[in-house]
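Number of protein chains: 2
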Amino acid sequence: MSQHRHPGAPGRAGAVPALPDLPEATVARLPEYLRALHNLAEAGHETVSSEGLASAAGVNSAKLRKDLSHLGSYGTRGVGYDVALLVDQIEYVLGLTQRRAVALVGVGNLGHALAGYDGFASRGFRIAALFDADPARVGEEISGLVVRHIDELPRVAVEEAIAIGVIATPAPAAQAVADQLVAVGVTSILNFAPCVLSVPEGVDVRKVDLAIELQILSFHEHRKASLTALPATGGSALTALPGGLAVTDTQEAIGT
Amino acid sequence: MSQHRHPGAPGRAGAVPALPDLPEATVARLPEYLRALHNLAEAGHETVSSEGLASAAGVNSAKLRKDLSHLGSYGTRGVGYDVALLVDQIEYVLGLTQRRAVALVGVGNLGHALAGYDGFASRGFRIAALFDADPARVGEEISGLVVRHIDELPRVAVEEAIAIGVIATPAPAAQAVADQLVAVGVTSILNFAPCVLSVPEGVDVRKVDLAIELQILSFHEHRKASLTALPATGGSALTALPGGLAVTDTQEAIGT
DNA sequence: CGCGATTTGTGCACGCCTTCACAAGCGCCT
DNA sequence: AGGCGCTTGTGAAGGCGTGCACAAATCGCG
Chain A
1 MSQHRHPGAP
11 GRAGAVPALP
21 DLPEATVARL
31 PEYLRALHNL
41 AEAGHETVSS
51 EGLASAAGVN
61 SAKLRKDLSH
71 LGSYGTRGVG
81 YDVALLVDQI
91 EYVLGLTQRR
101 AVALVGVGNL
111 GHALAGYDGF
121 ASRGFRIAAL
131 FDADPARVGE
141 EISGLVVRHI
151 DELPRVAVEE
161 AIAIGVIATP
171 APAAQAVADQ
181 LVAVGVTSIL
191 NFAPCVLSVP
201 EGVDVRKVDL
211 AIELQILSFH
221 EHRKASLTAL
231 PATGGSALTA
241 LPGGLAVTDT
251 QEAIGT
Chain B
1 MSQHRHPGAP
11 GRAGAVPALP
21 DLPEATVARL
31 PEYLRALHNL
41 AEAGHETVSS
51 EGLASAAGVN
61 SAKLRKDLSH
71 LGSYGTRGVG
81 YDVALLVDQI
91 EYVLGLTQRR
101 AVALVGVGNL
111 GHALAGYDGF
121 ASRGFRIAAL
131 FDADPARVGE
141 EISGLVVRHI
151 DELPRVAVEE
161 AIAIGVIATP
171 APAAQAVADQ
181 LVAVGVTSIL
191 NFAPCVLSVP
201 EGVDVRKVDL
211 AIELQILSFH
221 EHRKASLTAL
231 PATGGSALTA
241 LPGGLAVTDT
251 QEAIGT
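Residue numbers (the working numbering), protein chains in the order written: chain A, 1 to 256; chain B, 1 to 256.
This is the structure:
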């Protein structure tokens, strides 16, 4: 198609340049590419081949090329991708050109850690406010921010232009917090509480459950054990291949 | 098929009862079903229909039935599933009948929170040891455990029968830690460091990257904004439908 | 100026996952 | 005992995602 047209150049006019709706799977990988690209840029690379970027991001090179082609792509055949250009492009698509304000609700064990996690700040986000329902925690200062009572959410949400809510409360409190976030106009929620949230249409919820991740690992562990444990008993076929197989969804031998 | 045969009853003979290799997508949902089932059991329910359990877990009922059918299934037509029986069955398949020992490496910000997270203990895991490479942190006591130097990993791994390793170090240190874990026989790793790990075949790695989750939300936020920005400003638009529906991949109206 | 080496972009086929729709099975009520 | 309503388990269809393999395009060099 186009030669080197930039459908939505980052620093360019802010006029909603027809954001393509990418496949979910692609969206989920873009941040990984972005991180790899930042590393490459820091290492002095000006261009990178699909093969090189793919291995740095831990994916197949064909998959990477297809992913990038979805967003209009900025590669040069015979050469590769311009690192800086691609960074700008991905950051634009992900909406990282504006530093979004994040409200963190629940400053218990996990909330404390999240409040102090510098990975947020360094990757396009700003923790703008901390909330908790426990009066004993209100007023405490964490990483330069004062914990406020959840009832102040409406006022602060407007003041700080909160775009994303992070829930790090115990499960029983999570639904109420989600409702409050939705009520003040938040349409994106990251939920660390181990429960299902019910939210209106148009609100995105992503869930991170640490115990679930471990349980998934446990299953594979269990399965691996049950395979290597049956050298004799023909029992259930499978005949455990000596090398074993690949993994769940990520790694592969990557050549740093 | 069988009436009420238990191919692998939990407390039963420990003789590797032909663990079926479930679809990855199913495995990833089983922990969610398990959590929902525990809630139902606590609420006094003895049986539950696929519809009921599905909404409690935030999924489609057909999907749930197919998932459960993969593990031999223990439902009764016209009635539903026996809650206690299903709990046992899922816990068995996930390998949660034995409480696996977890080693946590890196007790910085996030590591501290993970060490104190009671969700691990309550859901089948035991944090057996904490490690760090920083001598200043070695010796510190967290949640009843003393932080040890990473060099003690080989000895402790054997003593405590470590089954799963959790990496909560900065990215530059993660690969070395992974290598050390693999060297002492750990074949399941949960990685919180924002980097790709290279591991041998047969080792499972799952990755949790908090910033990536936010960036995915950011994309959808960006896209929603670019859509609603066209009609007539509407500020935050959306006119939140009262009933509201699901979102990206989880929620649904749940009737607690 | 032309040719070959290199690398992107993509058409295509395959497999996994989801969803629908319905037959089979079970309990309860009459 | 028989029928009826409810719920599970599953065959089939459709959609999505992945990976291969190759044509198109670009650069560098002779």
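The beta carbon of each residue, even a glycine, is placed where N, CA and C say it ideally should be.
For residue 100(A), the residue or residues it bridges with in DSSP: DSSP, once it has assigned bridges, lists 125(A) as partnering residue 100(A).
Cβ-Cβ distance between residue 193(B) and residue 169(B) below 8 Å: Against a cut-off of 8 Å, the Cβ pair of residue 169(B) and residue 193(B) comes out as a contact.
Positions along the region 144 to 175 of chain A whose CB lies within less than 7 Å of some CB in chain B: Taking 7 Å as the Cβ-Cβ cut-off, the region 144 to 175 of chain A approaches chain B at 163 and 164, given in chain order.
Own chain, CB closer than 8 Å to residue 102(A), minus 5 neighbours either side, in chain order: Excluding residues within five positions, the ones whose Cβ falls inside 8 Å are 120, 125, 126, 127, 128, 162, 163, 164, 165 and 166.
Cα-Cα separation, residue 19(A) to residue 75(A): Taking the CA atoms as reference points, residue 19(A) sits about 19 Å from residue 75(A).
8 Å Cβ cutoff, residue 204(A) in contact with chain B: It does: the Cβ of residue 204(A) has a partner Cβ on chain B nearer than 8 Å.
For residue 44(A): DSSP bridge partner residues: None; residue 44(A) has no bridge partner.
Beta-carbon gap between residue 115(B) and residue 130(B) smaller than 8 Å: Yes; because the gap between Cβ atoms is below 8 Å, this pair is in contact.
Endpoints, the alpha helix (DSSP H) within which residue 86(A) is located: Segment 83 to 93, the alpha helix (DSSP H) holding residue 86(A).
Residue 80(A) to residue 98(B) span [Cα, whole Å]: Linking residue 80(A) to residue 98(B) through their CA atoms gives a straight-line distance of about 50 Å.
Residue closest to residue 85(A), alpha-carbon to alpha-carbon, out of 122(A), 106(A), 46(A) and 179(A): Residue 46(A) is the option with its Cα nearest to residue 85(A).
Contact with chain B by residue 222(A), beta-carbon distance below 8 Å: Chain B contact via Cβ: present.
Residues in the region 124 to 146 of chain A having any Cβ partner in chain B nearer than 8 Å: Residues 124 and 125.
Identified DSSP bridge partners for residue 164(B): Answer by DSSP bridge pairing, in chain order: 102(B).
Same chain only: Cβ atoms within 6 Å of residue 56(A), ignoring 5 sequence neighbours per side: Same-chain partners within the cutoff: 36.
Top-ranked residue by Cα proximity to residue 106(A), from 198(A), 211(A), 187(A) and 175(A): For residue 106(A), the closest of 198(A), 211(A), 187(A) and 175(A) by C-alpha to C-alpha distance is 175(A).
Proximal residues of chain B, C-beta to C-beta of residue 28(A) below 7 Å: Ordered by position in chain B, the residues that pass the 7 Å Cβ test against residue 28(A) are 216.
Sequence-distant residues of the same chain with beta carbon closer than 6 Å to residue 247(A), five excluded per side: The predicted model places residue 247(A) with a pLDDT of 36, which falls under 50 and marks its position as unreliable, so this point remains unresolved.
Residue-chain proximity (residue 226(A), chain B), Cβ-Cβ < 8 Å: Contact of residue 226(A) with chain B is assigned, a C-beta pair being separated by under 8 Å.
Residue 93(B) beta carbon less than 8 Å from that of residue 145(B): No, the pair does not count as a contact, with Cβ atoms beyond the cut-off.
Straight-line gap, residue 65(A) to residue 34(A) (C-alpha atoms, nearest Å): Taking the straight line from one Cα to the other gives about 14 Å.
Length of the line joining the Cα atoms of residue 182(B) and residue 226(A): Distance between the alpha carbons of residue 182(B) and residue 226(A) is about 20 Å.
Below-8 Å beta-carbon distance, residue 262(A) vs any chain B residue: This structure gives no information on residue 262(A), because the portion of chain A shown stretches from 1 to 256.
Residues of the region 62 to 95 of chain B with Cβ closer than 9 Å to any Cβ of chain A, in chain order: Sequence-ordered contacts of the region 62 to 95 of chain B with chain A read 92, 93, 94 and 95 [C-beta pairs closer than 9 Å].
Paired residues, beta bridge with residue 111(A) - DSSP: Per DSSP, residue 111(A) has no beta bridge partner at all.
Beta-carbon contacts of residue 160(A) that lie in its chain and below 8 Å, excluding the five residues immediately before and after: The beta carbon of residue 160(A) sits closer than 8 Å to those of 101, 103, 128 and 129, all from its chain and outside the five residues before and after it, given in chain order.
Short CB-CB distance (under 8 Å) between residue 232(B) and chain A: Because the pLDDT at residue 232(B) is just 46, under 50, the model does not fix this residue reliably, and the point stays unresolved.
Top-ranked residue by Cα proximity to residue 199(A), from 210(A), 208(A), 187(A) and 40(A): Here the closest residue by C-alpha is 187(A).
Three-way DSSP call (helix, strand, coil) for residue 52(B) in this model: The three-state secondary structure of residue 52(B), taken from DSSP, is helix.
Contacts of residue 110(B) in chain A (Cβ-Cβ under 7 Å): Under the 7 Å cutoff, chain A gives 113 and 117.
Residue 83(B), buried or exposed, once every other Cβ within 10 Å from all chains shown has been counted against 16: Label assigned to residue 83(B): buried.
Residue 177(B) burial status per 10 Å Cβ neighbour count (16 or more: buried): It is buried - the Cβ of residue 177(B) has at least 16 other Cβ atoms within 10 Å.
Close Cβ partners of residue 190(A) (< 6 Å) along its chain, the five nearest in sequence each way excluded: Same-chain partners within the cutoff: 166 and 206.
8 Å CB neighbourhood of residue 234(B) in its chain, flanking five on each side removed: The predicted model places residue 234(B) with a pLDDT of 39, which falls under 50 and marks its position as unreliable, so this point remains unresolved.
Nearest to residue 24(B) (by Cα), restricted to the options 89(A), 224(A), 73(A) and 216(A): Answer by Cα proximity: 216(A).
Element boundaries [alpha helix (DSSP H), containing residue 65(B)]: Per DSSP, residue 65(B) belongs to the alpha helix (DSSP H) from 61 to 70.
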